[in-house]
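Chemist: Sharing a structure, written as structure tokens. Questions coming.
Number of protein chains: 2
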Amino acid sequence: MKITVVTSNPNKATEVAAFFGDEVEVTHVALECPEYRDDDVGEIARQKAAFAFEKVGSPVIVDDTGFYISHLNGFPGPYAAYVLDTIGLEGILNLMGGATDRTGYFETAIAYADETGITIFRGRVEGVIVSPRGSDGFGYDPIFEVNGRTFAEYPLNEKAAVSHRGRALAAFRDFITSQTHNENC
Amino acid sequence: MKITVVTSNPNKATEVAAFFGDEVEVTHVALECPEYRDDDVGEIARQKAAFAFEKVGSPVIVDDTGFYISHLNGFPGPYAAYVLDTIGLEGILNLMGGATDRTGYFETAIAYADETGITIFRGRVEGVIVSPRGSDGFGYDPIFEVNGRTFAEYPLNEKAAVSHRGRALAAFRDFITSQTHNENC
């Protein structure tokens, strides 16, 4: 099976390719998709996938990821990338100050589009906001701790086992596996 | 002349009505327009106006406003409303800390849509970020100072003379006035 990952973020494409290994032939197209402002990453991913499928013309996946911090009323939410580009990790940690509630979660929605339509797969992971540690990963990974390690302290293959994107990809893999079985029946 | 202001924020509708007084009959429709994520408020306003004109069926104006703080690399930018709803004025002031560069600006883009197309009018105002003062206005008005007063210390009619939205509305008024003259020639 061949799938095109459409994203302007090469780190995301790398995570998808690492997840599937030899199972699926993953190619990467760096296409900027227009994004709706919406509180739901699933809706944003759906819109992007519709655009990407029209452009690429073969099965595509796109993702949209939000980062929701309890103490900040869900900020930065779906605007995680923009917030990182402007105020950065330092800004997030400033806003947290000495807050006792350090909980937050990542949510990824993967939208898979082919000629039959668009399907959404979600993955979520809960963690706590900590001072930066580790040098792997990207984005908020250094300040997001799950099971005693920040995401920047996980090797890529281990991160996939617990991460939001890994969980969404696992749901997607179940879907394409069952589809392939159906086709073979 | 009749114009429908399409916004889910009643404060914006009030500012537009106050600006025009008896000149223009302003009605307000509280319609949620889908918004693209875009760095440019003009593009966002254009998309919303296209949607609103299709729904309303008569001339409409919509606006989109961004708030850009130099010390925060332009944050919160086009996500001003979302940021206010989550981290609030307190969050912005935390992020500013003791920064010596307190400058920032508001930019409003007004998109006017009628059967001939969509036209964009922009207004911008520079100011400085201060501790909250005043009880008029809405949004970031209490922490945004222009000519020694915060926007929350300006009465509505005085605010229109200096504000981003007032300047965009003035450009729009020039346009419709010249259009009306042309029609009379």
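Here the protein sequences line up with chains H and Y, keeping their order.
Residues 1 to 185 (the working numbering) make up the first sequence, in order.
Residues 1001 to 1185 (the working numbering) make up the second sequence, in order.
For each residue, glycine too, the CB sits at the ideal point set by N, CA and C.
Just so you know, these numbers come straight off a predicted model, no measurement behind them.
1. Compute the distance between the beta-carbons of H:A152 and H:D136, then report whether it is under 8 Å.
2. How would you label Y:P1034, buried or exposed, when you count the other beta carbons within 10 angstroms and need 16 or more for buried?
3. Please look up how many angstroms separate the CB atoms of H:Y105 and H:Y68, rounded, as I've assumed it's under 8 Å.
4. If the cut-off is 9 Å on Cβ atoms, which residues from the segment 72-85 of chain H count as contacting chain Y, listed in chain order?
5. Taking only the alpha-carbon atoms, compute the straight-line gap between Y:I1044 and Y:D1063 and give it to the nearest angstrom.
6. Name the residues in the segment 119-133 of chain H whose C-beta lies less than 8 Å from a C-beta of chain Y; which are they?
7. Quick one: Cα of H:F175 to Cα of H:L31, how far?
8. In the structure shown, what three-state DSSP assignment does Y:P1059 receive?
9. Just confirm the distance between the C-beta atoms of H:P142 and H:R149, as a whole number of angstroms; I'd bet it's less than 8 Å.
10. Using a C-beta to C-beta distance shorter than 8 Å, which residues of chain Y count as neighbours of H:Y112?
11. Do the CB positions of H:A168 and H:I110 come within less than 8 Å of each other?
12. Looking at chain Y, is there any beta carbon in it that lies within less than 8 Å of the beta carbon of H:I3?
13. Just to make sure I have the definition right: I need the residues of chain Y whose C-beta is within less than 7 Å of the C-beta of H:P34. Which are they?
14. Can you tell me where the beta strand (DSSP E) holding H:Y187 begins and where it ends?
15. Please go through the same chain and pick out, in chain order, the residues whose beta-carbon is closer than 6 Å to the beta-carbon of H:L156, but skip the five residues on each side of it.
Modeler: In brief:
1. To locate residue 152 of chain H, count along the first sequence from 1; it is residue 152. To locate residue 136 of chain H, count along the first sequence from 1; it is residue 136. Yes, they are a contact pair.
2. Taking the second sequence and counting its residues from 1, one reaches residue 1034 of chain Y at position 34. The residue in question, Y:P1034, is exposed, as its Cβ has fewer than 16 Cβ neighbours within 10 Å.
3. Here residue 105 of chain H is taken as the residue at index 105 of the first sequence, counted from 1. Here residue 68 of chain H is taken as the residue at index 68 of the first sequence, counted from 1. H:Y105 to H:Y68, Cβ: 5 Å. Contact.
4. Those would be L72, N73, G74, F75, P76, G77, P78, Y79, Y82, V83, D85, in chain order.
5. Here residue 1044 of chain Y refers to the residue found at position 44 when the second sequence is read from its first residue. Here residue 1063 of chain Y refers to the residue found at position 63 when the second sequence is read from its first residue. Within the model, the alpha-carbon separation for Y:I1044 versus Y:D1063 is close to 9 Å.
6. Within the segment 119-133 of chain H, no residue has a Cβ that lies closer than 8 Å to any Cβ of chain Y.
7. What you label residue 175 of chain H is simply residue 175 of the first sequence in a count that begins at 1. What you label residue 31 of chain H is simply residue 31 of the first sequence in a count that begins at 1. H:F175 and H:L31: Cα-Cα distance of roughly 25 Å.
8. The residue given as residue 1059 of chain Y occupies position 59 in the second sequence. Three-state DSSP puts Y:P1059 in coil, outside helix and strand.
9. The residue labelled residue 142 of chain H in the question sits at position 142 within the first sequence. The residue labelled residue 149 of chain H in the question sits at position 149 within the first sequence. With 8 Å as the limit, H:P142 and H:R149 do not qualify as a contact, their Cβ atoms being about 11 Å apart.
10. As a position in the first sequence, residue 112 of chain H is number 112, starting the count at 1. One finds nothing in chain Y with a Cβ atom closer than 8 Å to the Cβ of H:Y112; even the nearest lies about 21 Å away.
11. For the purposes of this step, residue 168 of chain H is identified with residue 168 of the first sequence, where counting begins at 1. For the purposes of this step, residue 110 of chain H is identified with residue 110 of the first sequence, where counting begins at 1. H:A168 places its beta carbon less than 8 Å from that of H:I110.
12. Working through the first sequence from its first residue, we reach residue 3 of chain H at position 3. False, the Cβ-Cβ gap to chain Y never drops below 8 Å.
13. Numbered from 1 along the first sequence, position 34 holds the residue referred to as residue 34 of chain H. Those within 7 Å of H:P34 in chain Y are Y1036.
14. In the structure as shown, chain H begins at 1 and stops at 185. Residue 187 of chain H is therefore absent and cannot be evaluated.
15. For the purposes of this step, residue 156 of chain H is taken as the residue at position 156 of the first sequence. Cβ within range, chain order: A18.
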